[in-house]
Amino acid sequence: MTITVVDGKAWIVHFTRLPADVVLSLLIAASTEKPRDERDARCVFRKLRREEIKKIERLIADTKSRNKKKRVTLAKSINGDEKVIHSVFQNRKEELLSMQRYTVEGAVKTMDQKVCEASKRRNTIKHEADIKRDRLKELQSTLRQMRLVNTQDFDLERKQVIRRLQNEMDKAGIKYEAARNITRRYEEIMTHMQEECRLYPARLNVLEEIFRDASTELDVLKLMNEKAVKSSDDTRRDLMKMEREMYQARRARDQQLTVTKKEVERRKEPTDRQERRAKVAYVTDTAGDTKAMKLQQEKEDRQEKILTLEDAFERIKSAIHVSNMDDIVYRVTNQDNTRHRILQQEQENLDAKERLMEEKTSLRVIFEDLKFTSQRQIAKGRKMVEDVQEYVKKEETSRDDCLTEMAVNEKLLLDLQSGIATLYEKLKEIRLKPPYHNFSKSDPVEDLANCQRKLEVLLTGLGLWKKTPELSPVNLNEHKLHTYLENKLPADNVRIRLETDDGSDIDDFHFDHDQDNDGLLSRDDIKRQGMDFLNSKLKPKKKKGRKVRTK
Numbered sequence: 001m002t003i004t005v006v007d008g009k010a011w012i013v014h015f016t017r018l019p020a021d022v023v024l025s026l027l028i029a030a031s032t033e034k035p036r037d038e039r040d041a042r043c044v045f046r047k048l049r050r051e052e053i054k055k056i057e058r059l060i061a062d063t064k065s066r067n068k069k070k071r072v073t074l075a076k077s078i079n080g081d082e083k084v085i086h087s088v089f090q091n092r093k094e095e096l097l098s099m100q101r102y103t104v105e106g107a108v109k110t111m112d113q114k115v116c117e118a119s120k121r122r123n124t125i126k127h128e129a130d131i132k133r134d135r136l137k138e139l140q141s142t143l144r145q146m147r148l149v150n151t152q153d154f155d156l157e158r159k160q161v162i163r164r165l166q167n168e169m170d171k172a173g174i175k176y177e178a179a180r181n182i183t184r185r186y187e188e189i190m191t192h193m194q195e196e197c198r199l200y201p202a203r204l205n206v207l208e209e210i211f212r213d214a215s216t217e218l219d220v221l222k223l224m225n226e227k228a229v230k231s232s233d234d235t236r237r238d239l240m241k242m243e244r245e246m247y248q249a250r251r252a253r254d255q256q257l258t259v260t261k262k263e264v265e266r267r268k269e270p271t272d273r274q275e276r277r278a279k280v281a282y283v284t285d286t287a288g289d290t291k292a293m294k295l296q297q298e299k300e301d302r303q304e305k306i307l308t309l310e311d312a313f314e315r316i317k318s319a320i321h322v323s324n325m326d327d328i329v330y331r332v333t334n335q336d337n338t339r340h341r342i343l344q345q346e347q348e349n350l351d352a353k354e355r356l357m358e359e360k361t362s363l364r365v366i367f368e369d370l371k372f373t374s375q376r377q378i379a380k381g382r383k384m385v386e387d388v389q390e391y392v393k394k395e396e397t398s399r400d401d402c403l404t405e406m407a408v409n410e411k412l413l414l415d416l417q418s419g420i421a422t423l424y425e426k427l428k429e430i431r432l433k434p435p436y437h438n439f440s441k442s443d444p445v446e447d448l449a450n451c452q453r454k455l456e457v458l459l460t461g462l463g464l465w466k467k468t469p470e471l472s473p474v475n476l477n478e479h480k481l482h483t484y485l486e487n488k489l490p491a492d493n494v495r496i497r498l499e500t501d502d503g504s505d506i507d508d509f510h511f512d513h514d515q516d517n518d519g520l521l522s523r524d525d526i527k528r529q530g531m532d533f534l535n536s537k538l539k540p541k542k543k544k545g546r547k548v549r550t551k
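In the UniProt record's numbering, the protein residues as written are 1 to 551.
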């Protein structure tokens, strides 16, 4: 430390190895106090020196305490190594005495080295023992061969008999195994045939059901074909009638046009003579008059074209039975809705087909799993099949009820459509005002509503109409509407009559596999009966003559 007094007013202090807070306090004291002389400075130095000595002594004491703790820790570690070594080698005094001065790491390395050396010696001894054991085996086999040669008398005939018997025994074993395999195969085939015999009646019933469904569908398709043929014939007759009417109308127009042309030419001759005279008289004004005549002629031609187009449009409207442009626009725009509905139905049918194919695949997988299984699984499968058969019977009963109801509803719908079509045809001369249309949309409810509106118009014109509640789905629900229509329709308002099935052509074929039947059918009998059944079903029925009803 160096202290310099400058002019007895300020200190310049140089400190070495002093803390920063002490230097700061000295600077503050030097800047605030003014010592009188150098003696005061020495007093300050001694004071600072004592504080520094005290701090150094405290630092030395802390260092000594830390060194002591480290020595204690080291001693504990050394004593711990000794304890570990004593615990490991407590039963081996020689190793304990030799490892007493070692640390744990040194003891581990030394013992690893000793273990490696002992392992090498053990492997060497083991190898030598294996060599000697192999040599002993060779010598023993040589000894046995020598004894056999010395003691055996080579009885060749006896060896041949023994060898022949061994060969025959091997052949008999092979035949026995082959017979066992064949027997097992025949037992499996017998089990499979018994299972097929048990399931054959159910499969036959399924095939009969499929055949009945196909026959029903064929009848429906035949009915639809007859309706289509009848509709085609009606359309063809209407078209021929329309063509004949158009041809007669065209001939009448041509005759009228010929008469009119002759009359026009007859009346035109005096006018032409007067025009020729006027042209000769007014030769000088030909240019101006020619331009005016051209304009007048163009105007007349344009008016004639407009009248011709209007006449053609009226003829087209009368030919297709359309009253105004709104009906034509409605028919054209409604085609897209019909196509969209048909495409939607096709997509729904495809989805249903995919779902049924997936169900069929899953059922086929279950059937393949249940084909060859143990008795317990067979019993479980039989129970499952019986449950499924009960469920199928319930569903078939429900389906038959639905089909019966659907047949009744279809018959009622056909009757309604025929009656509404007849009524609509009779009221076709009555025209409704927009927004109502004057053509049939093939919707029975809408057509019936239009017929009601036309009847209201007719009764209004006759002065006989009274306000009554409108018969519509808003005022009547579906059940009430059907009841109302069934009660109001006449009995003779039917165009197509459906034949009722009396069930006379159905075979009551039942097979009970639990009973002990003496007259059990063979495979050929079943095939013959199946062919007879198919022939009886596929044979075309005689059509009954229908009486034509006269109205």
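Cβ coordinates follow ideal geometry from the N, Cα and C atoms, glycine included.
Predicted model, so just to flag it, every value in this text is computed and none were measured.
> Taking the alpha helix (DSSP H) that L448 falls in, what are its first and last residues?
Replying inline: Here the alpha helix (DSSP H) through L448 covers P444 to L462.
> Nearest to K428 by alpha carbon, out of L412, L218, L455 and Q297?
Replying inline: When C-alpha distances from K428 are compared across L412, L218, L455 and Q297, the shortest belongs to L455.
>> Measuring straight from C-alpha to C-alpha, what distance separates L343 and R355?
In response: C-alpha separation (whole angstroms): 18 Å.
> In three-state DSSP terms, what is I162?
Replying inline: In the three-state DSSP reduction, I162 falls in the helix class (H, G or I).
> From E390 to E209, what distance separates their C-alpha atoms?
Replying inline: Distance between the alpha carbons of E390 and E209 is about 16 Å.
> Would the region 405-423 and the region 433-449 be scored as touching if the rule is three or more Cβ pairs under 8 Å?
Replying inline: Taking 8 Å as the limit for Cβ pairs, the verdict is that the region 433-449 does touch the region 405-423.
> How about L416 and V457: are their beta carbons less than 9 Å apart?
Replying inline: Against a cut-off of 9 Å, the Cβ pair of V457 and L416 comes out as no contact.
> Given a threshold of 16 other Cβ atoms within 10 Å of its Cβ, counted over all protein chains shown, does N438 qualify as buried or as exposed?
Replying inline: A buried status is given to N438, since no fewer than 16 other beta-carbon atoms sit within 10 Å of its beta-carbon.
> Quick one: is A178 buried, meaning 16 or more other Cβ sit within 10 Å of its Cβ, or exposed?
Replying inline: Per the 10 Å Cβ criterion, exposed.
> What is the DSSP secondary structure of F45, reduced to helix, strand or coil?
Replying inline: Under the three-state reduction of DSSP, F45 is assigned to helix.
> From R184, Y102 and V385, pick the residue whose C-alpha is nearest to that of L363; which is it?
Replying inline: For L363, the closest of R184, Y102 and V385 by C-alpha to C-alpha distance is V385.
> What number of angstroms, rounded off, separates the C-alpha of I496 from the C-alpha of V220?
Replying inline: Only weak support exists for where I496 lies, its pLDDT of 43 falling under 50; the value from the coordinates is given anyway. The alpha-carbon atoms of I496 and V220 are separated by roughly 13 Å.
> Are there 16 or more other CB atoms within 10 angstroms of the CB of G419, so buried, or fewer, so exposed?
Replying inline: Here G419 is buried. Its C-beta has 16 or more other C-beta atoms within 10 Å.
>> Quick check: what's the CA-CA separation for T183 versus M190?
In response: So the two alpha carbons sit approximately 10 Å from each other.
> Given a threshold of 16 other Cβ atoms within 10 Å of its Cβ, counted over all protein chains shown, does K34 qualify as buried or as exposed?
Replying inline: With a pLDDT of 46 at K34, under the threshold of 50, the predicted position of this residue should be treated as unreliable, though the coordinate-derived value follows. When all chains shown are included, K34 counts as exposed.
>> Given a cut-off of 9 Å on the beta-carbon distance, is the pair G530 and L204 in contact?
In response: Cβ distance < 9 Å, so G530 and L204 count as in contact.
>> Here's the rule: buried if 16 or more other CB atoms are within 10 angstroms of the residue's CB, otherwise exposed. What is A252?
In response: Exposed, because fewer than 16 other Cβ atoms sit within 10 Å of the Cβ of A252.
>> In whole angstroms, give me the CA-to-CA distance for G463 and N225.
In response: Near 45 Å, if we compare the C-alpha coordinates of N225 and G463.
> For D532, which residues of its own chain have a beta-carbon under 8 Å away from its beta-carbon, when the five flanking residues on both sides are left out?
Replying inline: If we look at D532 and ignore the five residues flanking it on each side, it has no Cβ neighbours.
> Can you tell me whether DSSP reads P270 as helix, strand or coil?
Replying inline: Secondary structure at P270: helix, using DSSP grouped into helix, strand and coil.
>> Rounded to whole angstroms, what is the Cα-Cα separation between R237 and A202?
In response: Between R237 and A202, the C-alpha separation is close to 52 Å.
> How is E226 classed by DSSP in three states: helix, strand or coil?
Replying inline: Correct three-state label for E226: helix.
>> Applying the 10 Å Cβ sphere with the 16-neighbour rule, what's the burial state of A352?
In response: Flag for A352 reads exposed.
> Hey, how far is the Cα of V264 from the Cα of T271?
Replying inline: Taking the straight line joining both Cα atoms gives about 11 Å.
> DSSP on P201, reduced to helix/strand/coil?
Replying inline: Correct three-state label for P201: helix.
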